[in-house]
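If you want my numbering, it's the 1-based position in the sequence shown plus 95.
Every residue gets a Cβ at the ideal spot worked out from N, C-alpha and C, and that includes glycine.
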Amino acid sequence: MSLVITEIKSFTGIITLNNPSKLNALCKELINDLIAALNQMKERQLRCVILRAPAGSKVFSAGHDISELPKGSRDPLSYEDPLRRGIRAIQSFPTPVIAMVEGSVWGGAFELVMSCDMIYAAEGSTFAMTPANLGVAYDIVGIHNLIRDCSLHVIKEMVFTARSVSAERALQTGIVNRIAPAAELEAVVMEIAELISVKAPLSITLIKEELRVLNEANPLTPDEFERLQYMRRVVYDSDDAKEGIAAFVEKRKPVFNGR
Ligand code: LCV
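Written as structure tokens, this is what we have:
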């Protein structure tokens, strides 16, 4: 059974994350189903895709499936890992992908919604960026996906404290386009999707790709890249990386010693 539900309404595709027992944690299987759904919708030449959780969800997605994180000594977010593949599938989708958020968004799921073209959130939803909770060596591409769309100070506060921000705060800081009461959110997003679906799709596809390429343009020298990769290796080889995951599994607070 697929871990996503797909639906098509006219020119709009709707992908609903559907793994409630694991709070829509982004396990490999769910990401593969998400990518398969996007590929089907690309073949149907749909003009807009909405990514959502079931109505009434308290948790939109609990983020990367922690049980699938390597237990140290391996890059947890390398190029072909599921989260990286899922995010590239959204960013390279030829027409707009809209995140319709209800509930709490955690870690890699925050990067996933940030990789969408627009974000519309229900009042009461929250967003958290959690590598510092787990001792995770988040990767350069993932961090780059966060810093382009809202103030660096806000992203630093989110990462350094791992504390959730409210939908209202996310609206003020440009993380989300708009918030609405949960009961009205679907109508708000469907209206946007319908507006998009009658516009010129070729222009939209071109400008979405121009914006992606320009937004990702960042002069990073090979030496700088290698230096950051070395710093990441120190983190993912660390005792703290193991402690973060162990603490989550053992349902206790982690004790990080900085080595
Ligand atoms: C696997 C889970 C998860 C989960 N994976 O329900 O950004 S990074 O670097 O951190 C990146 C690597 C990343 O995305 O890491 C994951 C970040 N996610 C989080 O930190 C959220 C972790 N989850 C929670 O804080 C709670 O589960 C929330 C607040 C989401 C919901 O709390 P609630 O009390 O409603 P439980 O905690 O009881 O979770 C229900 C079941 O889902 C599992 C969790 O282990 C529990 O399983 P058991 O019933 O078998 O004990 N679960 C939750 N999140 N990300 N499994």
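Worksheet item: What number of angstroms, rounded off, separates the C-alpha of PRO177 from the C-alpha of LYS123?
Response: Mapped onto the sequence shown, residue 177 falls at position 82. Mapped onto the sequence shown, residue 123 falls at position 28. Their backbone Cα atoms lie some 5 Å apart in a straight line.
Item to complete: Specify the secondary structure class of ARG147 as computed by DSSP and reduced to three states.
Response: In the sequence shown, residue 147 corresponds to position 52, counting from 1. Strand at ARG147.
Worksheet item: Do you know offhand how far CYS143's Cα is from ASN352's?
Response: The residue labelled residue 143 in the question sits at position 48 within the sequence shown. The residue labelled residue 352 in the question sits at position 257 within the sequence shown. If you take the alpha carbons of CYS143 and ASN352, they lie about 47 Å apart.
Worksheet item: Can you name, in chain order, every residue of its own chain whose Cβ lies under 6 Å from the Cβ of ASN194, other than the five neighbours on each side?
Response: Mapped onto the sequence shown, residue 194 falls at position 99. Sequence inspection shows Ala at residue 194; the Asn mentioned does not correspond to that position. Taken in chain order, the residues that qualify are LEU146, VAL208, CYS211, ILE214.
Discussion item. According to DSSP, THR221 sits in a beta bridge with which residue or residues?
Written reply: Here residue 221 refers to the residue found at position 126 when the sequence shown is read from its first residue. For THR221, which the question treats as bridged, DSSP gives the partners SER199, SER261.
Practice prompt. Check the C-beta distance from ILE354 over to ASP334 and give it rounded, since I have them as a contact under 8 Å.
Written response: If you number the sequence shown from 1, residue 354 lands on position 259. If you number the sequence shown from 1, residue 334 lands on position 239. One point to set straight first is that residue 354 is Arg, not Ile, in the sequence displayed. That pair is a contact at about 6 Å.
Worksheet item: Looking only at DSSP bridge pairs, what is GLY108 linked to?
Response: Taking the sequence shown and counting its residues from 1, the one referred to as residue 108 is at position 13. GLY108 is bridged to ILE103, VAL144.
Worksheet item: In or out: GLY269 buried (at least 16 other Cβ within 10 Å) or exposed?
Response: Here residue 269 refers to the residue found at position 174 when the sequence shown is read from its first residue. When all chains shown are included, GLY269 counts as exposed.
Worksheet item: Taking the alpha carbon of LYS137 as the point to measure from, which residue in LEU125, ILE161, PRO191, ALA120 has its own alpha carbon closest?
Response: Here residue 137 is taken as the residue at index 42 of the sequence shown, counted from 1. Ranking the options by Cα distance to LYS137, first place goes to PRO191.
Worksheet item: Less than 8 Å between the CB of GLU289 and some heavy atom of the ligand LCV, yes or no?
Response: For the purposes of this step, residue 289 is identified with residue 194 of the sequence shown, where counting begins at 1. Outside the cutoff, so no.
Item to complete: Give me whichever residues DSSP pairs with ALA295 in a beta bridge.
Response: As a working mapping, residue 295 is identified with position 200 in the sequence shown. None, per the DSSP bridge assignment.
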